[in-house]
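Chemist:
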Amino acid sequence: MGVTGSIAAYKSALLVRALVKEGAEVKVVMTPMAKQFITPLTLATLSKNPIVVDFYNPENGDWNSHVSLGIWADLFLIAPATAATMGKMVSGVADNLLITTYLSAKCPVAVAPAMDLDMYKHPSTQENMRILSERGAYIIEPAAGELASGLEGKGRMEEPDRIVAHVEAIFAKEGSMAGRNLLITAGPTCETIDPVRYITNHSSGKMGYAIAHEAANRGAKVKIISGPVTVKLFHPNVEIINVTSAQEMFEATKSNLDGADAVVLCAAVADFTVAEKADKKIKREKSDYNLRLTPTQDIAAWVGANKRPSTFLAGFALETNDELENAKGKLVRKNLDMIVLNSMQDKGAGFKTDTNKITIISRDGAVEEFPLKSKELVAMDILDNMERLQRCSKD
Ligand code: PMT
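Counting from 1, position 231 in the sequence shown corresponds to residue 230 in numbering that gives the first Met the number 0; the numbering is continuous, with no gaps.
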């Protein structure tokens, strides 16, 4: 990681920490000016690696090899990148260790600019970014908002968690699902009773979003048709389409099915909706009140009947009893290629929790049980199986 002399350098501490947390090994090269904004000690402690700033150690004359750093790295991320550094990168002004490292790097380069809005808008900066991008660098666009100058506009370095998502997307280009399109339904649906009430369920969206995140990290372009959830996901490979009711989820799934190589139906869709929705709040004057419910469209069954034969279809089954038998029935009825069973009988499985315990049943009848794991690890198991089964069906 390269850190240059911008006030946004304070965020590089959070960025280093986030990258290390994601499993990256991080070595930092700073420009001399960057040291005025954040100390090498902070970044060395967080990255667990010594920081390099100068061409040589004045105490003993030891050279810091910019060449070996550039060869060692899988990615050179410069965050924050000032206008001056981008200018030097373009014209090859190798007057500090960061630029010499850049000039000898063999890996992809990503740049997260940070500067005042007018500097950012200036044709020189824009031209430099265009040239860097033309030469293959990933530009992580700055965000708009309040700037250190007190002005408002575009120029704030992107937030560390979003930069991490961009880094994941860069590595995902070589992932096992690169070039594939995945459609996922996630979360609950809400069926309106009257303007203040609705019928819903306990789905948090965690399971569906974890699958989406993992698939995006493997290089897939993912669309999530999402019911109302509080869980958040930003990833350059993920588009989120928000819906509320089962009917809206059906319409959105239908109109996004074209081009999907695989579909994962993880949402907890209402099986019934309210037949007559009241347009005014229902009063409690009556001693009892009957709601008439009518069945919703079964999205899984519709996709199973209308998808292209090459589109892989995975469904879920959330059961309370006769789990395996019920799940196998759904697999056949809905024309699924695979079904993921989770049972309400298992502690830590199903709705809301950060964990899940699943059994995967495939079309050929194979049944594989997995232990209780985090939903992130469960997502990996599900995608590993989907990838394997899809490969087998092609061979
Ligand atoms: O969101 P979380 O809190 O993380 O919880 C995850 C989960 C428990 C919601 C998830 O793991 C799960 O089991 N999702 C499916 C829940 C469900 O509705 O199961 P089901 O057995 O009722 O439905 C079977 C399949 O048909 C599912 O793929 C479902 O998406 C689909 N379905 C159901 C009804 C309907 N009208 N349309 C559908 O497509």
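Using N, Cα and C, we set each Cβ at its ideal position, and we do this for glycine too.
1) Can you look up leucine 335 in the DSSP assignment and give me helix, strand or coil?
2) Going by the beta-carbon positions, is the gap between isoleucine 70 and alanine 104 smaller than 9 Å?
3) Could you tell me if serine 244 is buried or exposed, where buried requires 16 or more neighbouring beta carbons within 10 angstroms of its beta carbon?
4) Scan the region 35–115 and note each continuous alpha helix (DSSP H) run of 4 residues or more that stays entirely inside, going in chain order.
5) Under a three-way DSSP split, which group does lysine 120 fall into?
6) Less than 8 Å separating the Cβ of alanine 245 from some heavy atom of the ligand PMT?
7) Across the region 314–325 and the region 237–254, are there enough close Cβ pairs to call them in contact, namely three or more that are closer than 8 Å?
8) Going along the chain, which residues of its own chain have a beta-carbon closer than 6 Å to the beta-carbon of leucine 74, five neighbours each way excluded?
9) Counting pairs of beta carbons, one from the region 138–152 and one from the region 215–228, are three or more of them closer than 8 Å?
10) Measure the beta-carbon distance from phenylalanine 290 to threonine 184 and round it to whole angstroms, keeping in mind my assumption that it falls under 8 Å.
11) Rounded to whole angstroms, what is the Cα-Cα separation between leucine 97 and proline 235?
12) Would you kindly check if the distance between the Cβ of leucine 317 and the Cβ of glycine 347 is under 9 Å?
13) Check the DSSP bridge columns for proline 294 and list the partner residues they point to.
14) Express the C-alpha separation of methionine 0 and alanine 72 in angstroms, rounding to a whole number.
15) If contacts are defined as beta-carbon pairs under 8 Å, then arginine 217 and alanine 259 qualify, I think. What distance do you get, rounded to the angstrom?
16) Does methionine 176 come out as helix, strand or coil in the three-state DSSP assignment?
17) Taking the alpha carbon of lysine 306 as the reference point, which residue from Arg390, Leu182 and Val230 has its own alpha carbon closest?
18) Going by DSSP in three states, glycine 186 sits in which element: helix, strand or coil?
19) In three-state terms, what does DSSP make of methionine 128?
20) Go through its chain and collect everything with a Cβ distance to valine 366's Cβ below 8 Å, but skip five positions before and after it.
21) Taking Cβ positions, are proline 31 and asparagine 95 nearer each other than 9 Å?
22) When you measure from the CB of glutamine 344 to every non-hydrogen atom of the ligand PMT, does any distance come out below 8 Å?
23) Would you call the CB atoms of alanine 17 and valine 163 closer than 9 Å?
24) Suppose only complete runs of 4+ residues qualify. What are the alpha helix (DSSP H) ranges in the region 222–291, listed by chain order?
25) Can you tell me whether DSSP reads arginine 362 as helix, strand or coil?
26) Would you kindly work out how many angstroms separate the C-alpha atoms of glutamine 246 and aspartate 270, rounded to a whole number?
27) Go ahead and label cysteine 189 buried or exposed: buried means 16 or more other beta carbons lie within 10 angstroms of its beta carbon, across all protein chains shown.
28) Identify the residues that DSSP records as bridge partners of leucine 317: which are they?
29) State yes or no: is the C-beta of phenylalanine 369 nearer than 8 Å to some heavy atom of the ligand PMT?
30) Between the Cα of aspartate 345 and those of Thr354, Val19 and Leu13, spot the shortest distance and give me the residue it belongs to.
31) Let's see if you can read the secondary structure: which residues bound the beta strand (DSSP E) around glutamate 151?
Modeler: Here's the rundown:
1) Looking at leucine 335 - three-state DSSP - the assignment turns out to be coil, as it is neither helix nor strand.
2) In terms of Cβ geometry, isoleucine 70 and alanine 104 form a close pair [threshold 9 Å].
3) Its Cβ being crowded by 16 or more others within 10 Å, serine 244 is buried.
4) Qualifying alpha helix (DSSP H) stretches, in chain order: 39–46, 65–71, 82–90 and 96–103.
5) Here lysine 120 carries a helix assignment [DSSP, helix/strand/coil].
6) Yes - the ligand PMT has a heavy atom lying nearer than 8 Å to the Cβ of alanine 245.
7) Proximity of the region 314–325 to the region 237–254 falls short of the contact definition, fewer than three beta-carbon pairs being nearer than 8 Å.
8) Here the set comprises Cys106 and Pro107.
9) Taking 8 Å as the limit for Cβ pairs, the verdict is that the region 215–228 does not touch the region 138–152.
10) Checking the displayed sequence, the identity of residue 290 turns out to be leucine instead of phenylalanine. About 25 Å separates the beta carbon of leucine 290 from that of threonine 184, a gap too long to meet the 8 Å contact definition.
11) Going by the C-alpha atoms only, they are around 27 Å apart.
12) Against a cut-off of 9 Å, the Cβ pair of leucine 317 and glycine 347 comes out as no contact.
13) Beta-bridge pairing links proline 294 to Phe271.
14) Near 9 Å, if we compare the C-alpha coordinates of methionine 0 and alanine 72.
15) Arginine 217 to alanine 259, Cβ: 16 Å. No contact.
16) Assignment of methionine 176 by DSSP, reduced to helix, strand and coil, places it in the coil class.
17) Proximity to lysine 306 across Arg390, Leu182 and Val230 peaks at Leu182, based on C-alpha coordinates.
18) Three-state DSSP puts glycine 186 in coil, outside helix and strand.
19) Collapsing the DSSP output to three states places methionine 128 in a helix.
20) Closer than 8 Å at Cβ, skipping near neighbours: Leu323, Thr358, Ile359 and Ile360.
21) Result yes, Cβ atoms of proline 31 and asparagine 95 sit closer than 9 Å.
22) No; taking the cut-off as 8 Å, the Cβ of glutamine 344 has no heavy atom of the ligand PMT nearer than that.
23) In contact: alanine 17 and valine 163 (Cβ atoms closer than 9 Å).
24) Taking only runs of at least 4 residues, the alpha helix (DSSP H) segments lying wholly in the region 222–291 are 245–255.
25) Looking at arginine 362 - three-state DSSP - the assignment turns out to be coil, as it is neither helix nor strand.
26) Glutamine 246 and aspartate 270 have their alpha carbons spaced roughly 11 Å apart.
27) Classification for cysteine 189: buried.
28) Asn341.
29) Incorrect: phenylalanine 369 has no Cβ contact closer than 8 Å to the ligand PMT.
30) Of the candidates Thr354, Val19 and Leu13, the one whose C-alpha sits nearest the C-alpha of aspartate 345 is Thr354.
31) Annotation for glutamate 151: the continuous beta strand (DSSP E) segment containing it runs 151–155.
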